[in-house]
Amino acid sequence: MAETILEAVRVRKEFGGLVALCDLDFGVRRGTVTAVIGPNGAGKTTLINVMTGVTAPTSGSIALNGSIISGLKSHEIARLGIARTFQTAQIFSAMTVLENVMVGRHTKTGCGMIASALSLGRMRREERTICDKGLYYLDVVGLGALAHQPAASVPIGTQRLLEIGRALAAEPVVLLLDEPAAGLNTQETRALGKLIGTIRDMGITVIIVEHDMELVMDIADEILVLNFGSRLAWGTPEHIQASPEVIEVYLGKED
Amino acid sequence: MAIKRHLPLMLFGCAAAVLPLGLKDPYYLGILVFIGIFSIATMGLNLLMGYAGQISLGHAAFYALGAYATGLLTAKYNVHFLPALIAAIIVTAAIAYVIGIACLRLKGHYLAVATLAVGEIVFICLNAAVGFTGGPSGLAGIPSIEIGGFSFDSDFKFYYLVWAVFILLFILTANIINSRSGRALRCLHSSEIAAAAMGINVTKLKVQVFVLSAVYAALAGVLYGHSVTFISPQSSDLMFSVKLLTMIVVGGMGNLWGGVLGAALLTLLPEMLSAFHDYELIIYGSILLVIVMFLPDGLMGGFEALGNKIIRKVRARGRG
Amino acid sequence: MKKIVFAASLCLLLCSSIVRAAEPYKVGAVFAVTGPAALLGEPERNTVMMLAEQINAAGGINGHPLEVIIEDTEGDEAKTVLKVKKLISSDKVAAIIGPTRSGTTMAAIPLVEKAQIPMISCAAAEDIVKPVKKWVFKTPQSDADAVRRIYEKMKEMKLTKAAVMSGTTGFGTAGRDQLKKLAPEYGITIVADETYGPKDTDMTAQLTKIKGTDAQAIINWEIVPAQTTVMKNKKQLGITIPLFQSHGFGNIKYAQDAGDAAESVLFPCGLLFAVDTLPDSNLQKPVLAAYRKAYEEKFKTDVSAFGGYAWDALSLVVEALRAVGPDSVKIRDYIEQKKNFVGVSGIFSYSAEDHCGLNKMSFAMLTIKDGKIVVAK
Amino acid sequence: MSLLSQVIQFLFTGITIGSIYAMVGLGFTIIYNATGIINFAQGEFVMLGGMVMVWLTAVLHLPLPVGFVLSVLIVTVIGAAFERVAIYPLKKPKVLILIIITLAGSIVFKGAAMLLWGKQTYGLPHFSGEAPIVILGATILPQALWIIGILIAVVALLAFFFNFTMLGKAMRACSINPVAASLVGINVKRIVLLSFAMSAGIGAAAGIAFTPIVLMEFDRGALLGLKGFCAAVLGGLGNGTGAVIAGLLIGVIESFGAGFISSEYKDAIALGVLLIVLLVRPSGIMGGREASKLKEF
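Same order as they appear, the protein sequences are chains A, B, C and D. Residues 1 to 255 in this note's numbering are what the first sequence spells out, letter by letter. Residues 1 to 320 in this note's numbering are what the second sequence spells out, letter by letter. Residues 1 to 377 in this note's numbering are what the third sequence spells out, letter by letter. Residues 1 to 297 in this note's numbering are what the fourth sequence spells out, letter by letter.
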């Protein structure tokens, strides 16, 4: 068994009086695909937001590779190697497809505004590697041909792949995918499953929030089931499929 | 690729270089000088608004700070121009930094009002500090710009100075836009949360671009002060901030050429309309209205759409 | 391009042989015809248009028609600079009259100094002619002289404590400076110093503060319509001490707008408004009466002191043109040595040291009685 | 003058001016809620209200009440016409574009007013005499009471309209979620038209009530618009109650600032307070968190 890379300890998030996450404990092992499922309002997106620093947890902690990341700002967490996609694709619409992916290289490069303005040699060399890496990751997600299209002009399914490509370009340790299959057809979903497999094979730990059970059961090594902000079940797909609590939540109580 | 990217600027530079040779009239040169000055100010504001998506209704304040800083230093304290310029840039950048840190947490209309308030406060202070700035009566006797013994003391020389500064800044700005920082900047416009998720320090970047755009405005102000040799708070009131913003929207947001086009239009239009006397205001307003209504992406957007149309037609004909 | 050509056709008919051959004499005029100072700029433009028409109808200047090219500054300094450049380089005018505001005048000064074109400003600020600039003159009376007249009147009324109110405009600030500077000379102490913005709508706060002091008179210094509000608010608060206004009060409209509240306000002003009460022996009376009659007939509106500034400026230039022709250097020299020129704002005597040409005698202390402007007793 | 009467005097002054700011602020709020835009021409409606009233009563000699109603109606129609001509024809406009359109519109209104009525200032007779009412040594003009009364009437009418009429409820629904509102059959475009008409009407009422005290001229609109904008934002954009409170607050701060600190810096003081409030509460006094986002900038 690989070691735990991301660990949540008693993570709690309250909005006013509403408890969105209730003292959640779980760990994600390196190099696996962990799926987070649960009914609407179970706290899945809140969990992602807490993990990526969009909001800080009310109490509890999250550690990446043993160092605490909860409470850090989004961009600091990104720098430590967590990349993500969004439930509604957040592509940078004023740029080309390639430029979107090039933004992904932000944490791996360092030229500031002054170096850029003066177009120093260092900056130009860096720019070339950013471009090369961008094209490489575009090919990984299969969008190489669209590199110079305006990002706003590509269809929604392609935008999701673009977001994944952009996240990959950051060469993250952990990749969070927030409902990547939403709005995709069966064929596209199948391709997405394959892509997620490739990403895991690249050594990246994947956490995926998803409603599409077929996809989840297909790709997940472990599944975390949330209900009302608490952990309902945690284990392998087989274990989850057999869990009476999960069946009760998903299918209603059998009398 | 590099040559292709810089071709419009090179053509523009050549045109700008030969234009005054056939146009010796100080009146026309004066108009072109002002267009250049406003273009520099809009370039900074465009970086902030068109690219980073942050609004500012207080840029007139930085324009005034620049103009007053070098104006006071050279006219009252006999400081040479270059050290005065450096001082002006540092002062403006420092003030913009403080304002930026405080205000840029705000968004949308709230940011607009906060920057507006800052601009007005600076305006009121310039008016009230009569002993220092000359108050509403203004600061007269600002000397011509002198660099290394060469004095830019005629409209002709000043024209070249302004447009040289413009082209230099244009190159620097274009470099920024097409770089790592520039891409980060453009991310802010679409989605701050996604930008942060990509590791971009949104707060820091916003403050950086705010300071940078303030420095552009200050440079424009410096040039204005030394070109007119007189500055009063009135030339940098709220309406001037609004005018800069209008120039960008009319010319085309998020396009460096848009600012120039807007500056040219809004400077030339009143000159051309002045024959209409009291009707000028209403005609000016109507033209503005029509442009914004029918060219929502500004003149630049309109030109691009037209260009694309022509290219498509030509291609279609070529095929057919 | 904006060109208002006043070569009247009548003139062409009457003396076609001379005029057709003669080059027009070109004079430039820059006024704030629109914008925030339009209330000042409009009567100035109207006056200049009217005067040029009159001159051309009477055969022009030594047979040459007078062409006045009027440009609108909108009260904006950057625009003024462009317009003045245009007048100098494109229109090649022999002299320039205006601008309307002090700020725009200061912005235009370096241009005319460099181009060596005489400019006769219609703005009041002391800074315009102090120190003396070779090519710059002005026609409105000096702030300092207005202040002196007010302080003399206060002394006469045995008042020693004054509250000062002024607008945050060039005119207001300049007046405030002079009021503070000259107060000790007349043994007057300033017990309150309040300001207001040119577009402010209410001054009760400032006046309440003044009410709380032991001021014996209020001196208000402004040129924009906001000064009307001072009178109205003063009445509302039941403040009964005398109110002095500056020579920027030179518009009957301001008094009318204030209604009752304007009663018995005191202000130093040229004699234009009191022309009916002047004795026939007064040198200015014919000029004033003629100007006022012509203006009010032509434009169906009251004269103002501002139009008078423009009348003086253009008339001076016309006299110079008549004497020395369209030579900028000679025009300047002519104006500088001009003595006892009878104008609307006073009797001008310029010199190398004095480019204002008026002294405090050009002011009369006027007041409002039953809604009419009369000389204060 | 005792300190107490000074304080009361500053309060009177502040509330009078503040009532005008509040009404202008309300105008901003109504249009913002319907469209998400800041209507820069709002101040011009105030100016037009005053000018039309002067024209109706002084030139056409209509009696005051008739003039009042007619002026408000005329300006309301102008507001609606402006929406039909400049806002309605646009498909999917960006918010910033709309804002610049209103700015251009304000220039047109200003230019038209200058052509129609010239550059001079105009006064109006006070509605009910000019004899000031003395309270504890401080004075207030009857006209100021009219202004405050009109503000109260406007607020009451709006409260009734938004809470008890179908149209008002539809407007509120529209401001919360225009897409959902149109799905349940509300004509969003008509709501936008209505918002412009209402804002114009309120602005006109403010202008008419204000003119007797301060006089009116063609370019007075911009500054009043600016103050109203500050009130709308300080109150929390989209929140009518907030706009009224903030408007009154700005008026009172200005008045006390001028009275007790410095008349020279009174606007700076008011703006400084505005800045501090915004920095502490980034969505204004009563604004929700969401309102701080431009709808689509």
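We put the beta carbon where it would ideally sit given N, CA and C, even for glycine. Predicted model only: the values in this text are computed from it and were never measured.
Comparing alpha-carbon positions, the option among T211(D), I152(D), P142(D) lying closest to A22(D) turns out to be I152(D). One thing to note: G285(B) has its Cβ no nearer than 8 Å to the Cβ of V249(B). By the 16-neighbour rule on beta-carbons within 10 angstroms, A170(D) is buried. Not one beta carbon of chain B lies nearer than 8 Å to the beta carbon of T205(A).
Per the DSSP secondary-structure output, Q141(C) pairs with nothing in a beta bridge.
Of the residues assessed, L261(B) falls on the buried side of the cut-off, its CB having 16 or more other CB atoms within 10 angstroms.
In this structure the segment 49 to 67 of chain B lies against the segment 116 to 127 of chain B, because at least three pairs of beta carbons, one per stretch, are closer than 8 Å. For I82(A), DSSP records a beta bridge to V174(A). Residues of chain B with a Cβ closer than 7 Å to the Cβ of E99(A) are, in chain order, R183. Pairing Y254(C) with I223(C), the inter-Cα distance amounts to about 10 Å. Neighbours of T139(D) across chain C, judged by C-beta separation under 7 Å: Q236, L237, G238. Here the C-alpha atom of L98(A) lies approximately 57 Å from the C-alpha atom of A115(C). Put simply, the CB of L39(C) is near chain D, with a gap under 8 Å to one of its CB atoms. The shortest C-alpha to C-alpha distance from M213(A) to any of P180(A), I199(A), M202(A) is the one to P180(A). Ranked by Cα distance from P184(C), the options Q206(C), A123(C), T160(C) are led by T160(C).
In the three-state DSSP reduction, Y88(D) falls in the coil class, being neither helix nor strand. DSSP, reduced to helix, strand and coil, places M253(B) outside both helices and strands of the structure shown, so it counts as coil. A52(B) carries a coil assignment under DSSP once its states are collapsed to helix, strand and coil. Chain order gives the chain D residues near K253(C) as Q120, T121, where near means a beta carbon separation below 8 Å. Burial check for I218(C): the Cβ neighbour count within 10 Å reaches 16 or more, so the residue is buried. Neighbours of G259(D) in chain C, taken as residues at a C-beta separation under 8 Å, are given in chain order as A205, Q206, T208, K209. By the C-beta density criterion, L167(D) is exposed, having fewer than 16 other C-beta atoms within 10 angstroms. Around the beta carbon of C122(C), a 10 Å sphere encloses 16 or more other beta carbons of the protein chains shown; the residue is thus reported as buried. By DSSP's assignment, N46(B) forms no beta bridge with any residue. Shown in chain order are the members of the segment 185 to 198 of chain B whose Cβ falls below 7 Å from a Cβ of chain A: R186, C187, H189, S190, S191, I193, A194, A196, A197, M198. Following the DSSP letters along the chain, one finds D132(A) in no beta strand (DSSP E) but inside the alpha helix (DSSP H) bounded by residues 121 to 140. For A305(C), the closest alpha carbon among the candidates A107(C), P118(C), A364(C), L179(C) is that of A364(C). The C-alpha of I231(B) lies about 44 Å from the C-alpha of T96(A). For M247(B), DSSP assigns no beta-bridge partner whatsoever.
Within chain B, no residue has its CB atom less than 9 Å from the CB of A159(D), the nearest being about 24 Å off. Annotation: V303(C) is outside any alpha helix (DSSP H) and is labelled neither H nor E by DSSP.
Along the length of the segment 216 to 282 of chain C, whole alpha helix (DSSP H) runs at least 4 residues long occupy 226 to 236, 252 to 258, reported in chain order. Under DSSP, R183(B) shares a beta bridge with no residue. Interface residue (Cβ-Cβ distance to chain C less than 8 Å): Q234(B) is classified as such. Of the residues assessed, N46(B) falls on the buried side of the cut-off, its CB having 16 or more other CB atoms within 10 angstroms. With 16 or more neighbouring CB atoms inside 10 Å of its own CB, Q6(D) falls in the buried class.
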